[in-house]
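> This structure is in structure tokens; I'll ask about it shortly.
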Amino acid sequence: MPFDEIDRRRFLLLAAAPLLVAQKAVAPRARESMLQMNGYAVNAETPLALLTEYVTPNELFFVRSHWIPRTPNPKKWRLTIDGEVDRSGDITLSELKKLPHAEATCVLQCAGNGRGLYSPPLPGVQWRYGAVGNSRWTGVRVRDVLEHAGVKPSAKHLHVFGSDDPPGKVPPFHRSVELEKVLADGILAFAMNGEPLPVAHGAPLRLIVPGWAGDHWMKWLVRLSPQAEAQKGFYMETAYRYPLTPGAPGVAFKPEEMAPVTELFVKSNITTAPAKARAKHACEIRGFAFSGAPDIAKVEISDDDGATWQETSLDPRHDPYAWRLWSHHWTPSRSGTVRLCARATDSRGNVQPREATWNQSGYLQNSWHFVDVEVTA
Amino acid sequence: MKRAAIIVLALAAAFASAATKRSVAFDPNLPVLGTKFHSLPAGTGKQQVEASCFPCHSADMLVQQRLTEKQWTAEVDKMIRWGAVMKESDKPAAVAYLVKNFGPANKFTPVRTRPAGY
Numbered sequence: 002m003p004f005d006e007i008d009r010r011r012f013l014l015l016a017a018a019p020l021l022v023a024q025k026a027v028a029p030r031a032r033e034s035m036l037q038m039n040g041y042a043v044n045a046e047t048p049l050a051l052l053t054e055y056v057t058p059n060e061l062f063f064v065r066s067h068w069i070p071r072t073p074n075p076k077k078w079r080l081t082i083d084g085e086v087d088r089s090g091d092i093t094l095s096e097l098k099k100l101p102h103a104e105a106t107c108v109l110q111c112a113g114n115g116r117g118l119y120s121p122p123l124p125g126v127q128w129r130y131g132a133v134g135n136s137r138w139t140g141v142r143v144r145d146v147l148e149h150a151g152v153k154p155s156a157k158h159l160h161v162f163g164s165d166d167p168p169g170k171v172p173p174f175h176r177s178v179e180l181e182k183v184l185a186d187g188i189l190a191f192a193m194n195g196e197p198l199p200v201a202h203g204a205p206l207r208l209i210v211p212g213w214a215g216d217h218w219m220k221w222l223v224r225l226s227p228q229a230e231a232q233k234g235f236y237m238e239t240a241y242r243y244p245l246t247p248g249a250p251g252v253a254f255k256p257e258e259m260a261p262v263t264e265l266f267v268k269s270n271i272t273t274a275p276a277k278a279r280a281k282h283a284c285e286i287r288g289f290a291f292s293g294a295p296d297i298a299k300v301e302i303s304d305d306d307g308a309t310w311q312e313t314s315l316d317p318r319h320d321p322y323a324w325r326l327w328s329h330h331w332t333p334s335r336s337g338t339v340r341l342c343a344r345a346t347d348s349r350g351n352v353q354p355r356e357a358t359w360n361q362s363g364y365l366q367n368s369w370h371f372v373d374v375e376v377t378a
Numbered sequence: 006m007k008r009a010a011i012i013v014l015a016l017a018a019a020f021a022s023a024a025t026k027r028s029v030a031f032d033p034n035l036p037v038l039g040t041k042f043h044s045l046p047a048g049t050g051k052q053q054v055e056a057s058c059f060p061c062h063s064a065d066m067l068v069q070q071r072l073t074e075k076q077w078t079a080e081v082d083k084m085i086r087w088g089a090v091m092k093e094s095d096k097p098a099a100v101a102y103l104v105k106n107f108g109p110a111n112k113f114t115p116v117r118t119r120p121a122g123y
């Protein structure tokens with residue numbers, strides 16, 4: 002086997018190594034925390050108030066694990082390429098790094114981010130807002146690796162395999178991605194924000210699929226296999242599916258009434274708003290917005306439940322499929338509890354809905370984000 | 006001279022860039038991520054739930070749920086299909102415990118943690 006099982010303590014030590022280096026390089030700023038949703042397997046989201054920078058620091062980046070990982074041993078690690086290719090075989094990390102490097106700064110959002118906001122409630126990790134971040138991923142293009150292997154025209158789907166090994170009879174987390182998408186945008190990343198990819202985020206190699214939900218971003222990659230058909234199994238045929246036609250909240254869709262989750266939906270969140278403000282005095286409201294489209298066209302906020310909207314200023318920093326930071330000087334016109342909300346419109350004209358489409362697994366929640374401000378005269 | 010000025014400016018820009026790099030300081034009193042978990046409240050069925058669920062999940066996974074009896078029954082059945090060990094005779098008590106404590110009105114607060122190394 003190209004990997005060894007490690008226990009949780011070693012996993013944590015490995016995860017800590019790059020962080021120790023990073024900590025020496027910078028001065029402390031504030032007392033921060035991550036919100037642990039599950040102790041094992043580790044799942045943690047970032048407090049929304051900390052997601053204020055264009056590039057999310059590695060140590061603040063949300064962590065999603067299906068189960069306690071069996072992380073690859075970097076010395077023995079190989080990436081196996083087989084399936085519909087002319088030249089199947091294994092490739093080492095150093096061989097991989099000799100290919101031209103590619104970089105993408107883009108959003109990674111867990112498909113289930115916001116599951117805890119759906120009503121009626123659904124089983125699963127009750128993510129609220131912070132299973133999302135924007136990072137700079139460095140690696141090699143999937144296209145270059147597959148061209149090197151001689152991918153055949155018959156291949157339409159890239160089957161991806163991590164070293165995850167679930168307990169008991171739990172189905173393996175095996176996925177596939179449409180080949181057209183990964184040939185266009187996919188990266189096999191070995192670095193995150195200029196540092197070696199942390200173990201918690203999939204070291205030594207993770208698939209990056211800009212604009213698509215996190216279930217495609219396979220961690221601890223050990224095998225790529227182009228195939229004519231999509232992957233089978235629980236995590237393709239039952240989970241990570243979204244209704245083709247919206248239904249009433251609580252309805253149970255059959256698998257054939259749904260299609261795999263792919264692109265992210267247009268979404269904005271408010272990260273900075275005062276708890277208290279004074280009428281007729283301006284205060285700053287900030288946030289981020291992203292979509293499965295390459296860019297955000299505008300973000301608006303409303304203080305009258307969507308009757309009127311005020312356009313915010315978009316931060317000029319942007320990369321395809323990255324988030325846009327936005328800000329707005331908002332002047333409350335009246336005293337009392339004022340409910341602010343934000344909505345984004347992406348570069349394809351998709352408008353963030355007031356209510357996300359209910360689905361039985363709680364994916365892609367993108368309702369308007371409401372924040373209350375107490376305004377005094 | 007002009008070249009030296011350009012070099013100085015470039016170095017200044019580089020240092021400025023390093024100095025503005027985001028600094029993160031976590032509360033050192035917080036537990037490290039993955040080392041402290043919620044505990045389950047006392048009650049009939051707790052023992053069965055712990056024995057069957059804890060091999061793969063910390064209590065956190067349970068205490069954040071807000072499920073009806075129908076949903077909890079479906080979850081327990083799914084986990085048994087996936088390898089959780091639970092006697093059929095223990096299932097009613099386990100489901101009743103889960104519904105009583107983690108039903109639709111349940112409130113959950115995540116554990117505040119810091120990453121390892123902070």
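So the sequence lines, in the order shown, correspond to chains A and B. First residue of the first sequence? That's 2 in our numbering, and the numbers climb one at a time after it. First residue of the second sequence? That's 6 in our numbering, and the numbers climb one at a time after it. Cβ atoms here follow ideal geometry from the backbone N, Cα and C, with glycine treated the same way.
Between arginine 27 of chain B and the rest of its own chain, which residues show a CB-CB distance below 6 Å, the 5 nearest in sequence each way excluded?
Translated into the one-based positions of the second sequence, residue 27 of chain B becomes position 22. Summary for arginine 27 of chain B: the model assigns pLDDT 46, below 50, so the residue's position carries little reliability; its value from the coordinates is reported in the next sentence. Setting aside the 5 residues that flank it on each side, arginine 27 of chain B has no residue in the same chain whose C-beta is closer than 6 Å to its C-beta.
> In this structure, does DSSP put tyrosine 243 of chain A in helix, strand or coil?
Translated into the one-based positions of the first sequence, residue 243 of chain A becomes position 242. DSSP places tyrosine 243 of chain A in strand when its eight states are reduced to three.
> Keeping to the same chain, check which residues put their C-beta closer than 6 Å to that of lysine 299 of chain A; ignore five residues upstream and five downstream.
Translated into the one-based positions of the first sequence, residue 299 of chain A becomes position 298. The residues are Glu312 and Thr346.
> How would you label glutamate 375 of chain A, buried or exposed, when you count the other beta carbons within 10 angstroms and need 16 or more for buried?
Here residue 375 of chain A corresponds to residue number 374 of the first sequence, with the count starting at 1. Exposed: under 16 other Cβ atoms inside 10 Å.
> Give me, in chain order, the residues of the same chain whose beta-carbon lies closer than 6 Å to that of aspartate 65 of chain B; leave out the 5 immediate sequence neighbours on both sides.
Mapped onto the second sequence, residue 65 of chain B falls at position 60. These residues qualify, in order along the chain: Phe42 and His43.
> Which of the residues in the segment 164 to 190 of chain A, read from start to end, lie with their CB under 7 Å from any CB of chain B?
Pro168, Gly169, Lys170 and Val171
> Of the residues that make up the segment 61 to 80 of chain B, which ones have a beta carbon closer than 9 Å to any beta carbon in chain A?
Hits within the stretch, in order: Cys61, His62, Ser63, Ala64, Asp65, Met66, Gln69, Gln70, Arg71, Leu72, Thr73, Gln76, Trp77, Ala79 and Glu80.
> Output, in sequence order along the chain, the residues in the segment 33 to 55 of chain A whose CB is closer than 7 Å to any CB in chain B.
Across the segment 33 to 55 of chain A, CB contacts with chain B closer than 7 Å involve Glu33, Ser34, Met35, Leu36, Gln37, Met38, Asn39, Gly40, Tyr41, Val43, Ala45 and Glu54, in sequence order along the chain.
> Since leucine 159 of chain A is in the alpha helix (DSSP H), which residue starts that stretch and which ends it?
Locating residue 159 of chain A in the first sequence gives position 158, where the first residue counts as 1. Not the alpha helix (DSSP H): leucine 159 of chain A falls in the beta strand (DSSP E), residues 158 to 163.
> Which of the three DSSP states, helix, strand or coil, is assigned to isoleucine 69 of chain A?
Translated into the one-based positions of the first sequence, residue 69 of chain A becomes position 68. Looking at isoleucine 69 of chain A - three-state DSSP - the assignment turns out to be coil, as it is neither helix nor strand.
> So, helix, strand or coil for glutamine 127 of chain A, using DSSP?
As a position in the first sequence, residue 127 of chain A is number 126, starting the count at 1. Of the three classes helix, strand and coil, the one that applies to glutamine 127 of chain A here is coil, per DSSP.
> For arginine 279 of chain A, report the span of its beta strand (DSSP E) as first-last.
Indexing the first sequence from 1 puts residue 279 of chain A at position 278. From DSSP, the beta strand (DSSP E) with arginine 279 of chain A extends over 277 to 279.
> So for leucine 49 of chain A, helix, strand or coil by DSSP?
Translated into positions along the first sequence, residue 49 of chain A becomes position 48. The answer is helix: DSSP assigns leucine 49 of chain A an H, G or I state.
> Who are the neighbours of glycine 88 of chain B on chain A, taking C-beta pairs under 7 Å?
Working through the second sequence from its first residue, we reach residue 88 of chain B at position 83. Within chain A, the residues near glycine 88 of chain B are Pro168, Gly169, Lys170 and Val171.
> Tell me which residues share the same chain as glycine 234 of chain A and place their Cβ nearer than 6 Å to its Cβ, disregarding the 5 neighbours each side in the sequence.
As a first step, residue 234 of chain A must be located in the first sequence, where it is residue number 233. Excluding sequence neighbours, glycine 234 of chain A sits near Pro172 and His175.
> Taking buried to mean at least 16 other C-beta atoms within 10 Å of its own C-beta, is serine 57 of chain B buried or exposed?
Mapped onto the second sequence, residue 57 of chain B falls at position 52. The residue in question, serine 57 of chain B, is buried, as its Cβ has 16 or more Cβ neighbours within 10 Å.
> Return no unless some Cβ of chain B is closer than 8 Å to the Cβ of arginine 30 of chain A.
Counting from one through the first sequence, the residue named residue 30 of chain A turns up at place 29. Unreliable positioning characterises arginine 30 of chain A in this predicted model, as indicated by a pLDDT of 48, which lies under 50. The coordinate reading is nonetheless provided below. Interface annotation, arginine 30 of chain A: in contact with chain B, CB-CB separation under 8 Å.
> Give the straight-line distance between the Cα atoms of valine 27 of chain A and serine 348 of chain A, rounded to the nearest whole angstrom.
The count along the first sequence starts at 1 and reaches residue 27 of chain A at position 26. The count along the first sequence starts at 1 and reaches residue 348 of chain A at position 347. Any reading at valine 27 of chain A must be qualified, since the residue scores a pLDDT of 39, below 50, and its modelled position is unreliable; the value itself is stated next. Taking the straight line joining both Cα atoms gives about 36 Å.
> Using a Cβ cut-off of 8 Å (strictly closer), state whether leucine 35 of chain B contacts chain A.
Along the second sequence, read from residue 1 onward, the residue named residue 35 of chain B stands at position 30. True, the Cβ-Cβ gap to chain A drops below 8 Å.
> Which residues bound the alpha helix (DSSP H) around methionine 66 of chain B?
Along the second sequence, one-based indexing puts residue 66 of chain B at 61. Note, methionine 66 of chain B: alpha helix (DSSP H), 64 to 68.
> Do arginine 142 of chain A and isoleucine 82 of chain A have their CB atoms nearer than 8 Å?
On the first sequence, residue 142 of chain A is found 141 positions in, with the first residue counted as 1. On the first sequence, residue 82 of chain A is found 81 positions in, with the first residue counted as 1. In this structure, isoleucine 82 of chain A does not lie closer than 8 Å to arginine 142 of chain A by Cβ.
> Going by alpha carbons, who is nearest to valine 64 of chain A out of A/Arg32, A/Val133, A/His102 and A/Leu100?
Residue numbering aside, residue 64 of chain A sits at position 63 when the first sequence is read from its first letter. Residue A/Val133 is the option with its Cα nearest to valine 64 of chain A.
> Determine contact between the segment 322 to 336 of chain A and the segment 91 to 103 of chain A, defined as no fewer than three beta-carbon pairs at a distance below 8 Å.
Contact fails: fewer than three Cβ-Cβ distances are below 8 Å.
> Going by DSSP in three states, asparagine 106 of chain B sits in which element: helix, strand or coil?
On the second sequence, position 101 is the one that residue 106 of chain B refers to. Looking at asparagine 106 of chain B - three-state DSSP - the assignment turns out to be helix.
> Does any CB atom of chain B fall closer than 8 Å to the CB of tryptophan 68 of chain A?
Taking the first residue of the first sequence as position 1, residue 68 of chain A is located at position 67. Cβ-Cβ to chain B under 8 Å: yes for tryptophan 68 of chain A.
> Need the endpoints of the beta strand (DSSP E) that methionine 219 of chain A sits in, please.
Locating residue 219 of chain A in the first sequence gives position 218, where the first residue counts as 1. Run containing methionine 219 of chain A: none; DSSP gives neither H nor E here.
> Since glutamine 127 of chain A meets chain B, which of its residues come closer than 8 Å, beta carbon to beta carbon?
Here residue 127 of chain A refers to the residue found at position 126 when the first sequence is read from its first residue. Within 8 Å Cβ-Cβ: Gln69, Gln70, Arg71 and Phe113.
> Identify whether alanine 103 of chain A lies in helix, strand or coil by the three-state DSSP scheme.
Here residue 103 of chain A refers to the residue found at position 102 of the first sequence. In the structure shown, alanine 103 of chain A sits in a strand (DSSP, three-state: E or B).
> Quick check: is the beta carbon of proline 250 of chain A nearer than 8 Å to any beta carbon in chain B?
Against the first sequence, residue 250 of chain A aligns to sequence position 249. Closer than 8 Å: no.
> Near leucine 365 of chain A, which residues of its chain fall below 6 Å by C-beta distance, leaving aside the five closest residues on each side in sequence?
Position 364 of the first sequence, counted from the start, is the residue given in the question as residue 365 of chain A. Cβ within range, chain order: Phe266.
> Helix or strand or just coil, what does DSSP make of serine 303 of chain A?
Sequence index remark: in the first sequence, residue 303 of chain A carries index 302 (1-based). Looking at serine 303 of chain A - three-state DSSP - the assignment turns out to be strand.
> Could you have a look at phenylalanine 371 of chain A and say whether DSSP puts it in helix, strand or coil?
Locating residue 371 of chain A in the first sequence gives position 370, counting from the first residue. It is a strand residue.
> Taking 8 Å as the threshold, find out whether the segment 148 to 166 of chain A comes into contact with the segment 73 to 89 of chain A through three or more Cβ pairs.
As far as the Cβ criterion goes, the segment 148 to 166 of chain A touches the segment 73 to 89 of chain A, which means the pair count is three or higher.
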